[in-house]
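Trainee:
2 protein chains.
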Amino acid sequence: MDHARSIQGSDPSGTWGEATAEPRPPRDFGYNGLRRFKPSEDTAPADTSPAPTQHGVPLPKSTNRTSGPNRTGITQVAAHAGVSPATVSNVLNRPELVAEATRTKVQEAISELDYVRNSFGSSLRSGRSTSVGLLVLDVTNPFFAEVARGIEEEAAESGLAVVLLNSAESPERQRRNLRLLAEQRVAGAVVMPVDNDLADLLWLQRQGVHWVALDRGDVPEDVGSSVSVDNREGGLAAGQHLLALGHRRVTFLGGAFAIEQVRLRYEGLRAAFDEAGLDPDEHVELVSLAQLNAHQGERAVDQVLLDSTGRRTRAVFCANDQIALGFMKGLGKRGLRVPEDVSVVGYDDLSVADMVHPGLTTVAQPKYELGRAAMQLLSAQMDGSGAAYERKIFQPRLVMRDSTSALRD
Amino acid sequence: MDHARSIQGSDPSGTWGEATAEPRPPRDFGYNGLRRFKPSEDTAPADTSPAPTQHGVPLPKSTNRTSGPNRTGITQVAAHAGVSPATVSNVLNRPELVAEATRTKVQEAISELDYVRNSFGSSLRSGRSTSVGLLVLDVTNPFFAEVARGIEEEAAESGLAVVLLNSAESPERQRRNLRLLAEQRVAGAVVMPVDNDLADLLWLQRQGVHWVALDRGDVPEDVGSSVSVDNREGGLAAGQHLLALGHRRVTFLGGAFAIEQVRLRYEGLRAAFDEAGLDPDEHVELVSLAQLNAHQGERAVDQVLLDSTGRRTRAVFCANDQIALGFMKGLGKRGLRVPEDVSVVGYDDLSVADMVHPGLTTVAQPKYELGRAAMQLLSAQMDGSGAAYERKIFQPRLVMRDSTSALRD
DNA sequence: AGGCACCCTCAAAACGTTTTAAGCAGAAAC
DNA sequence: GTTTCTGCTTAAAACGTTTTGAGGGTGCCT
Chain B
94 MDHARSIQGS DPSGTWGEAT AEPRPPRDFG YNGLRRFKPS EDTAPADTSP APTQHGVPLP
154 KSTNRTSGPN RTGITQVAAH AGVSPATVSN VLNRPELVAE ATRTKVQEAI SELDYVRNSF
214 GSSLRSGRST SVGLLVLDVT NPFFAEVARG IEEEAAESGL AVVLLNSAES PERQRRNLRL
274 LAEQRVAGAV VMPVDNDLAD LLWLQRQGVH WVALDRGDVP EDVGSSVSVD NREGGLAAGQ
334 HLLALGHRRV TFLGGAFAIE QVRLRYEGLR AAFDEAGLDP DEHVELVSLA QLNAHQGERA
394 VDQVLLDSTG RRTRAVFCAN DQIALGFMKG LGKRGLRVPE DVSVVGYDDL SVADMVHPGL
454 TTVAQPKYEL GRAAMQLLSA QMDGSGAAYE RKIFQPRLVM RDSTSALRD
Chain Z
94 MDHARSIQGS DPSGTWGEAT AEPRPPRDFG YNGLRRFKPS EDTAPADTSP APTQHGVPLP
154 KSTNRTSGPN RTGITQVAAH AGVSPATVSN VLNRPELVAE ATRTKVQEAI SELDYVRNSF
214 GSSLRSGRST SVGLLVLDVT NPFFAEVARG IEEEAAESGL AVVLLNSAES PERQRRNLRL
274 LAEQRVAGAV VMPVDNDLAD LLWLQRQGVH WVALDRGDVP EDVGSSVSVD NREGGLAAGQ
334 HLLALGHRRV TFLGGAFAIE QVRLRYEGLR AAFDEAGLDP DEHVELVSLA QLNAHQGERA
394 VDQVLLDSTG RRTRAVFCAN DQIALGFMKG LGKRGLRVPE DVSVVGYDDL SVADMVHPGL
454 TTVAQPKYEL GRAAMQLLSA QMDGSGAAYE RKIFQPRLVM RDSTSALRD
């Protein structure tokens, strides 16, 4: 009856007390006092499952009974079916080895007792894991969300579960999480490395855990596999698009070249001008931001609007969609119209790019495919089939909407 | 040079260019001359394990060996330190029982051999799991992303890993995933149920896996815990806001009352009118959508713009932000201004609500806190400490931005 | 009848860890 | 001098599964 009323400000930095990060003891998954519901005809008391709890009364939590009173395992199933545990295991894993009559008998026992395999025992003995890790930089980032979907889907098709970990851009947390993955003995991991330091990943490799690096094309091919998108190509496409529309001066909004991806997008833009016979130094402006978010994009409007020659900027290429949206918002507040007054190109093709007015022209990355490909490369490594490392580079694609138009005055 | 480029964005089946760097022919496993540590160790030959073509029959699960022949385990550590395995285990789990001298000796051995605990053995014996499940309706949904962050963070503090599963709104997949969680013997699970049918969850409970339902307030409190946000309250707040601005007629955009949350938002809106002494039937219009996305929101503009009395609609409350954005886009295309011509209120406070122009007035939900709370309730259940089921209901909060203004004509 | 080749089934031995209960000193109490 | 106690250590027994090699049938071929 105790309803928590909680109203938080929009402050995402967490006003909740940050507790210590000391790991607490792990949880007990043991038997919780509930009996199974399927009655078996040949056992004596058809025990009608008792109510799980009485109104709001704490569950009769068994203290530390790791071996609950006969939690149904392979042995119980075997007994019930009148065969040996080995046979049950065979029905589960290599059914073709078991005679049809026996097989159905066992399967009946399984469903009658509502048996579910214990993956700890299974994995321990067989040395095979049924889960893979996914270590991302920021769970919240919509880019990763799509990638995660691809990975999850591909993994699900192989019956693998995905263990999600968040490094929150912190090397320290990345390290801790990789260790966790090693302990869990995951079959493999898809990792967005937090920095260029591969030491931790090599450690993981030595622990026998395969991995694939995501969105980081600079992993040496004799060290590990990687899947990424060609950022330079994306910048190039954006530049060519603006040039085709008659623009001759473009501002790149979003410096912060510590981030490889951003630098390459900028280089691609310059390359477009180069190819067109225009000197990039002269025709491409650069405005740097402290962070690549919408707020910074909006704040930068005045700085962007007049270029170094004092001319009015007519085309802007933003390092990502958030910046582009923020920038457009800033323009809107000043009564400037997109694309009539300024053409804007973004990067990422977030789903919102198509929701806003005007629709945002942007460079799309095959996020979902990226995830699937990563998982596929991982699978290949795990099978040991095509066990060579591979570097897979996807091409981005320019999506034209309504935020860009031909230069006119 | 062949750049993948352009084509309109509305084609979802577009093929992505894909360049694959030439794969290295020779199979190269593990080490790459980048060894660290590892002083003393009987160097067995590099054991090129042959691929086990299992009777030519592909195993049902994609799998991987997690334990090589000489993988360092607790036994190797014990030998190295000159103690028994039991002592090593004690150092790991109950260090206070071990004499200081022994303890450091063991710890040295551990780091010297670079030992990492095998969670399969550990969990199997102890009956304690180190992971929890998170079953969501749609990994891609930004709402879940924030929730996931809260859960992941809270779990990490307990040293728990989060297993992410996606039911993609399919009962069939939900079922399969819950089964997977049971097999993995997770300590507990946070679940967004796909429908009102609790049967599968009760099955999970019988399997000894605790769970907490997310964003579904209608779970009976003697059946399980739940964490949700008061949708009716959100609708009420939106309604009151519009009333305070002088609006007397509001259209609710986004029917589809099969979805409980949506129905409650609508009811909240009507309640606001009721409280203000205005008959909801007369002052609240309802427009239903097949799906709650931006595209449908945009398409509905013409239908919304004139209400049933033939008057021009001046205020719209949308079931979520995506619809609101789509609707605003539609207005923009028709040259109508927000908020001068129409006031718009959304729901969810997606991060983009603050990026667009004009900023979207919307109802915010404490997503991150929701996730944390869910995990906390789960922990409580798992500890068996405050093991009673609990229903926690958070209050939403209206975030006023620039998409609403006082009614004037 | 004997030999052989199948096809099934199962006992028993792992897998790596935790936990229990026993053992063994040395110190303290009688 | 015995007993009790206290503080560490450990042998051995689990945990639930897979895997191996052996054994028991059956039927087919000489």
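Residue numbers (the working numbering), protein chains in the order written: chain B, 94 to 502; chain Z, 94 to 502. Using N, Cα and C, we set each Cβ at its ideal position, and we do this for glycine too. All of these numbers come straight from a predicted model, not from anything done at the bench.
Starting from Glu-239 of chain Z, find everything on chain B with Cβ-Cβ shorter than 8 Å and list it in chain order.
Mentor: Counting from 1 along the second sequence, the entry for residue 239 of chain Z is found at position 146. By Cβ distance, chain B contributes Thr-233.
Trainee: Should Ser-222 of chain Z and Val-279 of chain Z be called a contact, given that it needs their Cβ atoms to be closer than 7 Å?
Mentor: By 1-based counting over the second sequence, the position of residue 222 of chain Z is 129. By 1-based counting over the second sequence, the position of residue 279 of chain Z is 186. In contact: Ser-222 of chain Z and Val-279 of chain Z (Cβ atoms closer than 7 Å).
Trainee: Using the rule of at least 16 other Cβ atoms within 10 Å of the residue's Cβ for burial, across every protein chain shown, is Thr-180 of chain Z buried or exposed?
Mentor: By one-based count along the second sequence, residue 180 of chain Z stands at place 87. Buried.
Trainee: Using CA atoms only, rank isn't needed, just tell me which of B:Ala-194, B:Phe-236, B:Pro-188 is closest to Glu-462 of chain B.
Mentor: For the purposes of this step, residue 462 of chain B is taken as residue 369 along the first sequence, with counting starting at 1. Measuring from the Cα of Glu-462 of chain B, the nearest candidate turns out to be B:Phe-236.
Trainee: Suppose you measure from the CA of Arg-196 of chain B to the CA of Gly-166 of chain B; what does that come to, to the nearest Å?
Mentor: Sequence index remark: in the first sequence, residue 196 of chain B carries index 103 (1-based). Sequence index remark: in the first sequence, residue 166 of chain B carries index 73 (1-based). Their Cα atoms are separated by approximately 17 Å.
Trainee: Do you know how far the Cα of Gly-464 of chain B is from the Cα of Asp-290 of chain B?
Mentor: Along the first sequence, read from residue 1 onward, the residue named residue 290 of chain B stands at position 197. Along the first sequence, read from residue 1 onward, the residue named residue 464 of chain B stands at position 371. Each residue's alpha carbon lies about 22 Å from the other.
Trainee: Considering only their Cβ atoms, is the gap separating Leu-453 of chain Z from His-340 of chain Z smaller than 7 Å?
Mentor: One-based indexing of the second sequence puts residue 340 of chain Z at position 247. One-based indexing of the second sequence puts residue 453 of chain Z at position 360. No.
Trainee: Give me whichever residues DSSP pairs with Thr-454 of chain B in a beta bridge.
Mentor: As a first step, residue 454 of chain B is located in the first sequence; it is residue number 361 there, counting from the start. DSSP, once it has assigned bridges, lists B:Val-438 as partnering Thr-454 of chain B.
Trainee: With H, G and I counted as helix, E and B as strand and the rest as coil, what does DSSP make of Val-316 of chain B?
Mentor: Along the first sequence, read from residue 1 onward, the residue named residue 316 of chain B stands at position 223. Val-316 of chain B: coil per DSSP, three-state reduction.
Trainee: Note down, in chain order, every chain Z residue with its Cβ under 7 Å from the Cβ of Glu-300 of chain B.
Mentor: Stepping through the first sequence from its first residue, residue 300 of chain B is reached at position 207. Note on residue identity: the sequence assigns Gln, not Glu, to residue 300 of chain B. Residues of chain Z passing the Cβ test: Val-209.
Trainee: Here's a check: name, in chain order, each residue in its chain whose Cβ is nearer than 8 Å to the Cβ of Phe-487 of chain B, leaving out the five neighbours to either side.
Mentor: Your numbering for residue 487 of chain B matches position 394 in the first sequence. Result list for Phe-487 of chain B: Val-320, Ser-321, Val-322, Asp-323, Gln-458, Pro-459, Glu-462, Leu-463, Ala-466, in chain order.
Trainee: Take Pro-432 of chain Z as the anchor and find which of Z:Leu-338, Z:Glu-276, Z:Val-229, Z:Leu-294 has the nearest alpha-carbon.
Mentor: In the second sequence, counting from the first residue as 1, residue 432 of chain Z sits at position 339. The shortest Cα separation from Pro-432 of chain Z among Z:Leu-338, Z:Glu-276, Z:Val-229, Z:Leu-294 belongs to Z:Leu-338.
Trainee: With 7 Å as the threshold, decide whether the Cβ of Met-493 of chain Z is near any Cβ in chain B.
Mentor: Within the second sequence, numbered from 1, the residue matching residue 493 of chain Z stands at position 400. For Met-493 of chain Z, the answer is no, since every Cβ of chain B falls outside 7 Å of its Cβ.
Trainee: Quick one: is Arg-427 of chain Z near chain B, going by C-beta distance under 7 Å?
Mentor: To locate residue 427 of chain Z, count along the second sequence from 1; it is residue 334. Not one chain B Cβ lies under 7 Å of Arg-427 of chain Z.
Trainee: What residue range is occupied by the uninterrupted beta strand (DSSP E) comprising His-303 of chain B?
Mentor: Translated into the one-based positions of the first sequence, residue 303 of chain B becomes position 210. Unbroken beta strand (DSSP E) run through His-303 of chain B: 303–307.
Trainee: Under DSSP, the alpha helix (DSSP H) around Thr-180 of chain Z begins and ends at which residues?
Mentor: Residue 180 of chain Z sits at position 87 when you count from the first residue of the second sequence. Segment 178–186, the alpha helix (DSSP H) holding Thr-180 of chain Z.
Trainee: Does the beta carbon of Thr-146 of chain B come closer than 7 Å to any beta carbon on chain Z?
Mentor: Here residue 146 of chain B refers to the residue found at position 53 when the first sequence is read from its first residue. Unreliable positioning characterises Thr-146 of chain B in this predicted model, as indicated by a pLDDT of 31, which lies under 50. The coordinate reading is nonetheless provided below. So, interface residue.
Trainee: According to DSSP, Val-255 of chain Z sits in a beta bridge with which residue or residues?
Mentor: Locating residue 255 of chain Z in the second sequence gives position 162, where the first residue counts as 1. In DSSP, Val-255 of chain Z forms a bridge with B:Leu-257, Z:Val-225.
Trainee: Within 7 Å (strictly less), CB to CB, does Leu-453 of chain Z reach chain B?
Mentor: If you number the second sequence from 1, residue 453 of chain Z lands on position 360. No, its Cβ sits nowhere closer than 7 Å to a Cβ of chain B.
Trainee: How about Leu-371 of chain B: is its C-beta nearer than 7 Å to some C-beta of chain Z?
Mentor: By one-based count along the first sequence, residue 371 of chain B stands at place 278. No, Leu-371 of chain B lies away from the interface with chain Z (no Cβ there is under 7 Å from its Cβ).
Trainee: Could you spell out where the alpha helix (DSSP H) holding Thr-197 of chain B opens and where it closes?
Mentor: By 1-based counting over the first sequence, the position of residue 197 of chain B is 104. Here the alpha helix (DSSP H) through Thr-197 of chain B covers 193–206.
Trainee: Does Met-493 of chain Z come out as helix, strand or coil in the three-state DSSP assignment?
Mentor: What you label residue 493 of chain Z is simply residue 400 of the second sequence in a count that begins at 1. In this structure, Met-493 of chain Z counts as coil in the three-state DSSP scheme.
Trainee: Starting from the C-beta of Leu-385 of chain Z, find all residues in its chain whose C-beta is less than 8 Å away, skip the five residues before and the five after it, and write them out in chain order.
Mentor: For the purposes of this step, residue 385 of chain Z is taken as residue 292 along the second sequence, with counting starting at 1. Only Gly-347, Ala-349, Ile-352, Val-355, Ala-412, Asn-413, Gln-415, Ile-416 meet the Cβ criterion.
Trainee: Pull out every residue of the stretch 411–435 of chain Z whose Cβ sits closer than 7 Å to any Cβ of chain B, in chain order.
Mentor: Within the stretch 411–435 of chain Z, the qualifying residues are Gln-415, Leu-418, Gly-419, Met-421, Lys-422, Gly-425, Lys-426.
Trainee: Can you pull the chain B residues whose beta carbon is under 9 Å from the beta carbon of Gly-214 of chain Z, in chain order?
Mentor: Here residue 214 of chain Z is taken as the residue at index 121 of the second sequence, counted from 1. Result: Phe-213, Leu-217.
Trainee: Can a CB atom of chain Z be found closer than 7 Å to the CB of Met-448 of chain B?
Mentor: Within the first sequence, numbered from 1, the residue matching residue 448 of chain B stands at position 355. With 7 Å as the cut-off, Met-448 of chain B counts as an interface residue toward chain Z.
Trainee: State the start and end residues of the unbroken beta strand (DSSP E) segment that holds Gly-281 of chain Z.
Mentor: Taking the second sequence and counting its residues from 1, the one referred to as residue 281 of chain Z is at position 188. Note, Gly-281 of chain Z: beta strand (DSSP E), 281–284.
Trainee: Express the C-alpha separation of Ala-202 of chain Z and Ala-194 of chain Z in angstroms, rounding to a whole number.
Mentor: Taking the first residue of the second sequence as position 1, residue 194 of chain Z is located at position 101. Taking the first residue of the second sequence as position 1, residue 202 of chain Z is located at position 109. Going by the C-alpha atoms only, they are around 13 Å apart.
Trainee: Please confirm if Arg-242 of chain B has its CB atom under 7 Å from at least one CB of chain Z.
Mentor: Position 149 of the first sequence, counted from the start, is the residue given in the question as residue 242 of chain B. Taking Cβ atoms only, chain Z reaches closer than 7 Å to Arg-242 of chain B, which makes this a yes.
Trainee: Mapping DSSP to helix, strand and coil, what is Val-232 of chain B?
Mentor: As a first step, residue 232 of chain B must be located in the first sequence, where it is residue number 139. DSSP places Val-232 of chain B in coil when its eight states are reduced to three.
Trainee: How many Å lie between Leu-295 of chain Z and Gly-301 of chain Z at the Cα?
Mentor: By 1-based counting over the second sequence, the position of residue 295 of chain Z is 202. By 1-based counting over the second sequence, the position of residue 301 of chain Z is 208. The alpha-carbon atoms of Leu-295 of chain Z and Gly-301 of chain Z are separated by roughly 10 Å.
Trainee: When Cβ atoms are compared, which residues of the stretch 246–267 of chain Z fall closer than 9 Å to chain B?
Mentor: Listed by position, the residues of the stretch 246–267 of chain Z near chain B (Cβ gap below 9 Å) are Glu-246, Ala-249, Glu-250, Ser-251, Gly-252, Leu-253, Ala-254, Val-255, Val-256, Leu-257, Leu-258, Asn-259, Ala-261, Arg-266.
Trainee: So what's Ala-369 of chain Z in DSSP terms, helix, strand or just coil?
Mentor: In the second sequence, counting from the first residue as 1, residue 369 of chain Z sits at position 276. Residue state, collapsed to three classes: coil.
Trainee: By the 10 Å Cβ neighbour count, where 16 or more other Cβ atoms means buried, how is Ser-177 of chain B classified, buried or exposed?
Mentor: Your numbering for residue 177 of chain B matches position 84 in the first sequence. Flag for Ser-177 of chain B reads exposed.
Trainee: Going by C-alpha distance, which of Z:Arg-392, Z:Ala-330, Z:Arg-218, Z:Gln-396 is nearest Ala-364 of chain Z?
Mentor: Locating residue 364 of chain Z in the second sequence gives position 271, where the first residue counts as 1. If we check each option's Cα against that of Ala-364 of chain Z, Z:Ala-330 comes out closest.
Trainee: Please check if any C-beta of chain Z sits within less than 7 Å of the C-beta of Gln-277 of chain B.
Mentor: As a first step, residue 277 of chain B is located in the first sequence; it is residue number 184 there, counting from the start. Yes, Gln-277 of chain B counts as interfacial toward chain Z.
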